[in-house]
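Accompanying notes for the structure given below.
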Amino acid sequence: MKITFSTQSLSLRAILTRTLILSTMLGLSACGGSDDQPEQSKSYIQFYNAAATSANPEVRLDDASISSARFANATNVIAVDSASYTLDFQETGASSPLLSAEFNLTEDQKHLLILTEREQQFDYLSLSFAREKNLEDEFDLYLSNLAVSQPALDVYLSAATETFADADLLDSLALHELSSDASRKATGKYNLYLTVPGGNQPLFVAENLDFAYESTYVLVIREQYGPIANQLAIDVILNSSSVARYTHHDAQSQFRLYNSLPQSVQVALDNSNVANLPSGSLGSYHALQKGDYSLSVRDTEGQLLLNSALLSAIAGESQLVLLYQNENDVLEALAVKESDKPQIQANDIIVSNLVSDFSRLQFYFIRQDETIATARHHIKNLEFKKQQTLNLPKDYYAIALVHVADNGSTTLLDKTDSMMLQPGERYLLSAQQDNNAPSGYRLHLTF
Numbered sequence: 002m003k004i005t006f007s008t009q010s011l012s013l014r015a016i017l018t019r020t021l022i023l024s025t026m027l028g029l030s031a032c033g034g035s036d037d038q039p040e041q042s043k044s045y046i047q048f049y050n051a052a053a054t055s056a057n058p059e060v061r062l063d064d065a066s067i068s069s070a071r072f073a074n075a076t077n078v079i080a081v082d083s084a085s086y087t088l089d090f091q092e093t094g095a096s097s098p099l100l101s102a103e104f105n106l107t108e109d110q111k112h113l114l115i116l117t118e119r120e121q122q123f124d125y126l127s128l129s130f131a132r133e134k135n136l137e138d139e140f141d142l143y144l145s146n147l148a149v150s151q152p153a154l155d156v157y158l159s160a161a162t163e164t165f166a167d168a169d170l171l172d173s174l175a176l177h178e179l180s181s182d183a184s185r186k187a188t189g190k191y192n193l194y195l196t197v198p199g200g201n202q203p204l205f206v207a208e209n210l211d212f213a214y215e216s217t218y219v220l221v222i223r224e225q226y227g228p229i230a231n232q233l234a235i236d237v238i239l240n241s242s243s244v245a246r247y248t249h250h251d252a253q254s255q256f257r258l259y260n261s262l263p264q265s266v267q268v269a270l271d272n273s274n275v276a277n278l279p280s281g282s283l284g285s286y287h288a289l290q291k292g293d294y295s296l297s298v299r300d301t302e303g304q305l306l307l308n309s310a311l312l313s314a315i316a317g318e319s320q321l322v323l324l325y326q327n328e329n330d331v332l333e334a335l336a337v338k339e340s341d342k343p344q345i346q347a348n349d350i351i352v353s354n355l356v357s358d359f360s361r362l363q364f365y366f367i368r369q370d371e372t373i374a375t376a377r378h379h380i381k382n383l384e385f386k387k388q389q390t391l392n393l394p395k396d397y398y399a400i401a402l403v404h405v406a407d408n409g410s411t412t413l414l415d416k417t418d419s420m421m422l423q424p425g426e427r428y429l430l431s432a433q434q435d436n437n438a439p440s441g442y443r444l445h446l447t448f
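Going from the sequence shown to the working numbering is simple: count from 1 and add 1.
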């Protein structure tokens, strides 16, 4: 650093001042050049929630919240100081933990914590490995079996272009077991196969698992929850909150229909009648094999209202098909994927705007100590023919439907009484036109 002062006409005070400035700058430079305090070593933590009866638990280290995750979700990887901690799994907002333990976070290691359940008791699994590895076009893969219906499994992997006959046995896993060693493979796409111990016929096949990164993956085998039960699912965890999910390639699909029309309708799939739906009713589920189908709707007089709409059934998924009239009073169908989360501590409610008179509507879910202005749970600016899923913690709610005009004026179109949503149910909330309602519009809640 070069500093130049003019020596002309300097007063004693100016000289002293500039000397002090120079001394200070040199002192700061010296301080910046060395650091007597060693940098605190870091460890890395990630949380995956495999406890189906939990709501939104968080991981806490010495009473400091790290992050939270709903069932079958993961958190991002978070860096913390390497040390020993009191580890708590605690529901968000609760006063006491679900589970506590002493846990040591070691330097440069990634620690994956998996919250589990055993005989209605919470437990956890932990997996630790080096965060940085020397991998060249390779990945490491750990496995865990959390599927209660399959207490013992053999796990195989083949290239995506190959079959089970070409697959390698990765590990044999008991229930709640984590593989002790990682399997190392070349990066790319693979098929995964599950069999009973020693079996030669896969009971589960997941196709095109994408292991694109030179990193460490953790694969969790678990039960599939939601409208379709008695199936398995595969979750693949990497280093973010994004969990890749896979189902059996030939798993059963299903759908159900909601009729928002003011009249009863008859529904056919590939020209075979599957349902007679009264106005405002939500039908029962219909099982399907994966594939593409033609959906047609007629009124009770046989008049064709909807001709050959495409319905694509995806393996392992449940869909809700909404029948509604567009702005020209022409019947349309909208297929919505239903949540596969357990509906025990919270409900995933599908909210749909079927009112063509307004470009956007607001939905508020108001608890007993709240107003519309203070409601924590809401969906704003939901456009016509659009839908959104909202997760509501177990509580009493009144639901309000509001329209906000371009000039800012607000109209309360409808409001329900306060109610408790039922555990285990999957709800549809729709805003609809109703000539018998005081405002001409109403909320319709069904399951």
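Note that the Cβ used here is the ideal one computed from N, Cα and C, for glycine as well.
> Taking the C-alpha atoms as reference points, what is the distance between N240 and A131?
Replying inline: Taking the straight line joining both Cα atoms gives about 13 Å.
> Counting only runs that start and end within the region 177 to 202, where is the beta strand (DSSP E) found for 3 or more residues in a row?
Replying inline: If only complete runs of 3 or more residues are kept, the region 177 to 202 shows the beta strand (DSSP E) at 184 to 187 and 189 to 196, in order along the chain.
> Which residues in the same chain have their Cβ closer than 8 Å to the Cβ of S360, if we skip the five residues on either side of it in sequence?
Replying inline: Scanning its chain for C-beta atoms nearer than 8 Å, with the 5 sequence neighbours on each side dropped, one finds around S360 the residues E384 and F385, in chain order.
> Start and end of the beta strand (DSSP E) containing Y125?
Replying inline: Counting along the chain, the unbroken beta strand (DSSP E) around Y125 starts and ends at Q122 to A131.
> Excluding the five sequence neighbours on either side, which residues of its own chain have a C-beta within less than 8 Å of the C-beta of T93, listed in chain order?
Replying inline: Cβ within range, chain order: A56, N57, P58, E59 and S69.
> Sorted by chain position, which residues of the same chain lie with C-beta nearer than 7 Å to A276's C-beta, five sequence neighbours on each side aside?
Replying inline: Once the five neighbours on either side are set aside, the close Cβ partners of A276 are L258, V268 and G284.
> By how many angstroms is the C-alpha of F212 removed from the C-alpha of D138?
Replying inline: About 10 Å.
>> Given this structure, state the Cα-to-Cα distance separating E426 from V352, to the nearest angstrom.
In response: Rounded to whole angstroms, E426 to V352 spans 15 Å at the Cα level.
>> Using the three-state DSSP reduction, which class does F165 fall into: helix, strand or coil?
In response: Helix.
>> I need the straight-line Cα distance from E208 to V156, nearest angstrom please.
In response: So the two alpha carbons sit approximately 14 Å from each other.
> Taking the runs of the beta strand (DSSP E) that are 3 residues or longer, which of them lie wholly in the region 305 to 374?
Replying inline: Those beta strand (DSSP E) runs which fall completely within the region 305 to 374 and span 3+ residues are 305 to 314, 319 to 326, 332 to 338, 347 to 354 and 361 to 367.
> Assuming A399 contacts T417 under a Cβ cut-off of 8 Å, what Cβ separation, rounded to an integer in Å, is found between them?
Replying inline: Between A399 and T417 a beta carbon distance of about 6 Å is seen, short of the 8 Å cut, so the two are scored as contacting.
> Buried or exposed: which applies to S24, given that a residue is buried once 16 or more other Cβ atoms fall within 10 Å of its Cβ?
Replying inline: For S24, the predicted structure reports a pLDDT of 39, less than 50, and the residue's modelled location is therefore unreliable. A value from the coordinates is still provided. Around the beta carbon of S24, a 10 Å sphere encloses fewer than 16 other beta carbons of the protein chains shown; the residue is thus reported as exposed.
>> Please report the straight-line C-alpha distance between E328 and N354, rounded to a whole angstrom.
In response: Computed Cα separation, rounded: 12 Å.
> Out of L210, L335 and T390, which has the shortest C-alpha to C-alpha gap to L430?
Replying inline: Nearest of L210, L335 and T390 to L430, Cα basis: T390.
>> Taking the alpha-carbon of A1 as reference, which of A161, A187 and L144 has the nearest alpha-carbon?
In response: Outside the displayed range of the chain (2 to 448) lies residue 1, so it cannot be described from this structure.
> Thinking C-alpha only, which one of A52, A432, D82 and I67 is nearest K43?
Replying inline: Of the listed residues, the one whose Cα sits closest to K43 is D82.
>> Spatial neighbours of E178 within its chain, please: C-beta separation below 8 Å, excluding the five flanking residues on both sides.
In response: Spatial neighbours of E178 in its own chain (CB-CB distance under 8 Å, excluding positions within 5 residues in sequence) are listed in chain order as S145 and N146.
>> For I235, list the residues DSSP reports as bridge partners.
In response: Bridge partners of I235: I222 and Y247.
> What does a CB cutoff of less than 7 Å around S35 pick up in its chain, not counting 5 residues either side in sequence?
Replying inline: The predicted position of S35 is uncertain, since its pLDDT is 44 and thus under 50; a value taken from the coordinates is nonetheless stated next. Excluding five sequence positions before and after S35, none of the CB atoms of its chain fall closer than 7 Å to its own CB.
> Given L180, which residues of its chain have a CB within under 6 Å of its CB, disregarding the five upstream and five downstream residues?
Replying inline: Per the sequence shown, residue 180 should be read as Ser rather than Leu. Y143, L144 and D172.
>> Quick test of your reading: S265 and A316, contact by CB under 8 Å. State the CB separation rounded to the nearest angstrom.
In response: The Cβ separation is near 32 Å, so there is no contact.
> Does the pairing of the region 62 to 77 with the region 232 to 248 give three or more beta-carbon distances under 8 Å?
Replying inline: Yes: at least three Cβ pairs fall under 8 Å.
> Quick one: Cα of L311 to Cα of F104, how far?
Replying inline: So the two alpha carbons sit approximately 53 Å from each other.
> By DSSP, does D291 sit in helix, in strand, or in coil?
Replying inline: The question names Asp, but residue 291 is Lys in the sequence shown. DSSP places K291 in coil when its eight states are reduced to three.
> What is the DSSP secondary structure of L258, counted as helix, strand or coil?
Replying inline: In the three-state reduction of the DSSP assignment, L258 falls in the strand class, which pools E and B.
>> As a quick exercise: from P394, L362 and L114, pick the residue whose alpha carbon is nearest that of I380.
In response: Checked all of P394, L362 and L114; the closest Cα to I380 is L362.
> Based on Cα-Cα distance, which residue from T447, V149 and L113 lies nearest to Q502?
Replying inline: This structure gives no information on residue 502, because the portion of the chain shown stretches from 2 to 448.
> Out of curiosity, what's the CA-to-CA distance linking E456 and Y397?
Replying inline: Nothing about residue 456 can be reported from this structure: the residues present for the chain run from 2 to 448 only.
>> Per DSSP, what are the beta-bridge partners of F205 in this structure?
In response: DSSP links F205 through a beta bridge to L195.
>> In whole angstroms, give me the CA-to-CA distance for Y226 and S410.
In response: Distance between the alpha carbons of Y226 and S410: 43 Å.
> When the Cα atoms are used, what is the spatial distance from S216 to L262?
Replying inline: So the two alpha carbons sit approximately 52 Å from each other.
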